[in-house]
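Before any comments, here is the structure.
Below, the structure is given as structure tokens:
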């Protein structure tokens, strides 16, 4: 589900946040996670955190 992207899962933009992932888990599996727990699950699955910044033109 995550690899398909956020937009493919019904979100307005294609940016994943911990809150969005928690919402997706709850809607798909009926399990509620706090943001910290989502982060721990993602890390255990091998996902890494990435930050993107705009490059000034």
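Numbering (the numbering used here), first residue to last: 4 to 60. Ideal Cβ positions, reconstructed from N, Cα and C, are used throughout, including at glycine.
Cβ pair residue i, residue j closer than 9 Å
{"i": "residue 26", "j": "residue 17", "result": "no"}
{"i": "residue 23", "j": "residue 14", "result": "yes"}
Simplified DSSP assignment, three categories, for residue i
{"i": "residue 30", "result": "helix"}
{"i": "residue 39", "result": "helix"}
{"i": "residue 11", "result": "helix"}
{"i": "residue 51", "result": "coil"}
{"i": "residue 18", "result": "coil"}
Minimum C-alpha distance to residue i - residue among the options
{"i": "residue 41", "options": "21, 33 and 51", "result": "21"}
{"i": "residue 4", "options": "45, 53 and 52", "result": "45"}
Residue i beta carbon near the ligand ADP (any heavy atom closer than 8 Å)
{"i": "residue 26", "result": "Ligands in the displayed structure: none, and consequently the ligand ADP is not present."}
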